[in-house]
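Below is one structure, written out as structure tokens, with a few remarks after it.
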Amino acid sequence: MNTIIITGIVSLFAATATGGQVTWHIVLGLEHAGDEAVRCAVEDLQETGGEMGLDFVTAQDSEPPLDVNRIVVGDEARNRITATYVERGTLNTASFSTSEGYAIHTQHEGGTRTIVVAGASVIGDVYGLYWIWDRLRVHKDMPDINVLREPAMGVRLGAAWGRNAYGGSTREQMRIALRNSFNWVSGPAILDLTPWSSEPEAEENAHNRVAARALIAYAHSLHMRYYSFANAFTYHPSVLEEYGATLSPCDPRFWDAVQEKYRRLLQSLPELDGISLCNDDISGFWGGYLPFDVTREAPECDWSYVKRFHTFVSKVHDVVVGEFGKTYFHFTWGLRDHEVHCQPEVFRAIFTDHIPTDNLYLMPKITRGDRWWHQPYNATFNQTAHDTIVLFETMNYYESGGANIFPTFSGQYFQRGLQTFLMPEDSNVRGAAALAGAARDAWGTNSAYSYVLYRLMWEPDAPMAEIARDFCAIHFGPEAAEYMAQIYMMSPSAYKYG
Numbered sequence: 153m154n155t156i157i158i159t160g161i162v163s164l165f166a167a168t169a170t171g172g173q174v175t176w177h178i179v180l181g182l183e184h185a186g187d188e189a190v191r192c193a194v195e196d197l198q199e200t201g202g203e204m205g206l207d208f209v210t211a212q213d214s215e216p217p218l219d220v221n222r223i224v225v226g227d228e229a230r231n232r233i234t235a236t237y238v239e240r241g242t243l244n245t246a247s248f249s250t251s252e253g254y255a256i257h258t259q260h261e262g263g264t265r266t267i268v269v270a271g272a273s274v275i276g277d278v279y280g281l282y283w284i285w286d287r288l289r290v291h292k293d294m295p296d297i298n299v300l301r302e303p304a305m306g307v308r309l310g311a312a313w314g315r316n317a318y319g320g321s322t323r324e325q326m327r328i329a330l331r332n333s334f335n336w337v338s339g340p341a342i343l344d345l346t347p348w349s350s351e352p353e354a355e356e357n358a359h360n361r362v363a364a365r366a367l368i369a370y371a372h373s374l375h376m377r378y379y380s381f382a383n384a385f386t387y388h389p390s391v392l393e394e395y396g397a398t399l400s401p402c403d404p405r406f407w408d409a410v411q412e413k414y415r416r417l418l419q420s421l422p423e424l425d426g427i428s429l430c431n432d433d434i435s436g437f438w439g440g441y442l443p444f445d446v447t448r449e450a451p452e453c454d455w456s457y458v459k460r461f462h463t464f465v466s467k468v469h470d471v472v473v474g475e476f477g478k479t480y481f482h483f484t485w486g487l488r489d490h491e492v493h494c495q496p497e498v499f500r501a502i503f504t505d506h507i508p509t510d511n512l513y514l515m516p517k518i519t520r521g522d523r524w525w526h527q528p529y530n531a532t533f534n535q536t537a538h539d540t541i542v543l544f545e546t547m548n549y550y551e552s553g554g555a556n557i558f559p560t561f562s563g564q565y566f567q568r569g570l571q572t573f574l575m576p577e578d579s580n581v582r583g584a585a586a587l588a589g590a591a592r593d594a595w596g597t598n599s600a601y602s603y604v605l606y607r608l609m610w611e612p613d614a615p616m617a618e619i620a621r622d623f624c625a626i627h628f629g630p631e632a633a634e635y636m637a638q639i640y641m642m643s644p645s646a647y648k649y650g
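For the sequence shown, my numbering gives the first residue as 153, with consecutive numbering after it.
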């Protein structure tokens, strides 16, 4: 048993350089001009650096500052200074398998340093700047950085539930998502965007789509994609009336109405990049909208659970992917142990080869059941040829969001699960999703959860003690980080066993 006694914790924040601020010039190329993600990253560096005695100013590679500390942004194709280093042979270029990767090199020149951030693209440059931002927060000063990083998870998604979107509801949410390197964020619910043939829903949703277009445009400016969520099947009665449909999977007109819902959504909002649906635990409806459990209700229809589920996914895929070329995420969460979320054989029976794999991502939770500790990992990963996303939910020993007790640190549990799913050589895991996230930068459970996922999405095998230590250095200072990290990592056992 480990016992830690702390008699005093001193948060050590960065000391400014003797005699005043230390200036760093962020040298940008022409391609970075006007890029919103670059602007956000620079602004975050300036704000954080200012608290630590570091003054970040921008410059252009056409008139580069000399004999000063510099962060040179862009590879040799996007920045003239980088190109000069490559021509001289003092900097080797890296090759990447994704446009989101980056390399960072530190060069000492006389009494100054040049840190080159050479991304595979502009968004790679941005992620590199945010790694510098992260290191700055950890060390409270500018360290030498020499790394080559690519995200292990190609899809990094802010998940959604009911009427609640994570990551894409506001511009500020999207800036937080950018800091955490999400490349998919969720916005208004599908029910609030679909053009229904009824009032007041039609007029309300027309206004909602105007607001959504502005949010989508901003997400795209940050190199993110944008989607909307719905519990399925939720609907307005008007769509059934138009098709003369009954609430029965045995009624062909019912499936026409289902497809029309998503067709109208994407016709009226072509800017949307995709949708996410879940067939169970239907709680996302309000006002004049109603729920129908496609997989269980209408007992007069003799279709099996598997056939109902399979048909629903096929019909939606035909429209979302087949007609519009969008992305379809299906959250396979369910409340029953004998169904799709928990049983590999049921999962395989639903997601057969007859369901196409293109632009479809299946999202089981990391856990077999709901979000509580000390339960088996989900066994439905790596069962079919379909790509999967591991969905992570905040995990703690208290349900109340207002509880004011010590955080629960989920890092070890999350990491071991992700490593398990990635272990097969032909693993079908392509990404990770965070259901909920940190609305503010703090030391609590949600913030720790968000930071752990940010790190694991890039490096699933990174030492968890190092991740915990970095998180604690950010929030408690470097001197206290080692002790606090040990406490955080013991919190799950402490809450379970006392």
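Quick reminder that beta carbons are idealized off the backbone N, C-alpha and C, glycines included. Please read these numbers as outputs of a predicted model, since none were measured by experiment.
- Around the CB of residue 610, 16 or more other CB atoms lie within 10 Å, so the residue is classed as buried.
- Note that the C-beta distance between residue 441 and residue 343 is below 8 Å.
- Note on geometry: alpha-carbon atoms of residue 420 and residue 480 lie some 17 Å from one another.
- Per DSSP, the beta-bridge partners of residue 584 are 308, 542.
- In the structure shown, residue 261 adopts extended strand secondary structure according to DSSP, grouped into three states.
- Per DSSP, reduced to three states, the secondary structure at residue 295 is coil, with no helix or strand assignment.
- In the three-state scheme derived from DSSP, where H, G and I count as helix and E and B as strand, residue 338 is classed as strand.
- Beta-bridge pairing by DSSP links residue 332 to no other residue.
- Spanning the alpha carbons of residue 458 and residue 286 requires a straight line of approximately 46 Å.
- C-alpha of residue 320 to C-alpha of residue 222: approximately 33 Å in a straight line.
- Within the same chain, Cβ atoms closer than 7 Å to the Cβ of residue 306 are found at 250, 582, 583, the five residues on either side in sequence being excluded.
- Of the other Cβ atoms in all chains shown, 16 or more fall within 10 Å of the Cβ of residue 388; this residue is therefore buried.
- Listed in chain order, the non-local C-beta contacts of residue 572 below 7 Å within the same chain comprise 529, local neighbours out to five positions each way being set aside.
- The alpha-carbon of residue 378 is positioned some 15 Å away from that of residue 512.
- Beta-bridge partners of residue 223 (DSSP): 178, 267.
- As DSSP reads the structure, residue 208 sits in a beta bridge with 176.
- In the structure shown, residue 521 adopts coil according to DSSP, grouped into three states.
- For the set 255, 204, 242, 501, the Cα lying nearest the Cα of residue 226 is the one of 255.
- Secondary structure of residue 450 (DSSP, three-state): coil.
- Taking residue 215 as reference, the option from 202, 332, 347, 232 with the minimal CA-CA separation is 232.
- Nearest C-alpha to residue 612 among 200, 301, 229, 498: 301.
- Beyond the five residues adjoining it in sequence on each side, residue 531 comes within less than 6 Å, by CB distance, of 496 in the same chain, given in chain order.
- Counting along the chain, residue 426 sits inside the beta strand (DSSP E) bounded by residues 426 to 430.
- The Cβ-Cβ distance between residue 522 and residue 473 does not fall below 8 Å.
- For the pair residue 272 and residue 399, the Cα-to-Cα distance works out to about 50 Å.
- As a beta-bridge residue in DSSP terms, residue 316 pairs with 313.
- Per DSSP, the continuous alpha helix (DSSP H) segment holding residue 616 begins and ends at 616 to 628.
- Counting only the Cα atoms, residue 475 lies some 11 Å from residue 467.
- Shown here, residue 572 sits in a helix according to DSSP, grouped into three states.
- Ranked by how close their Cα comes to the Cα of residue 607, the residues 283, 203, 374, 411 have 283 in first place.
- DSSP places residue 444 outside both helix and strand once states are collapsed to three, so it counts as coil.
- For residue 530, no alpha helix (DSSP H) encloses it, and the DSSP letter there is neither H nor E.
- The distance from the Cβ of residue 536 to that of residue 500 is about 6 Å, consistent with a contact at the 8 Å cut-off.
- Between residue 217 and residue 236, the alpha-carbon positions lie close to 14 Å from each other.
- The stretch 557 to 567 and the stretch 637 to 646 touch, with no fewer than 3 CB-CB distances between them shorter than 8 Å.
- Going by DSSP, residue 200 is part of the alpha helix (DSSP H) stretching over 188 to 202.
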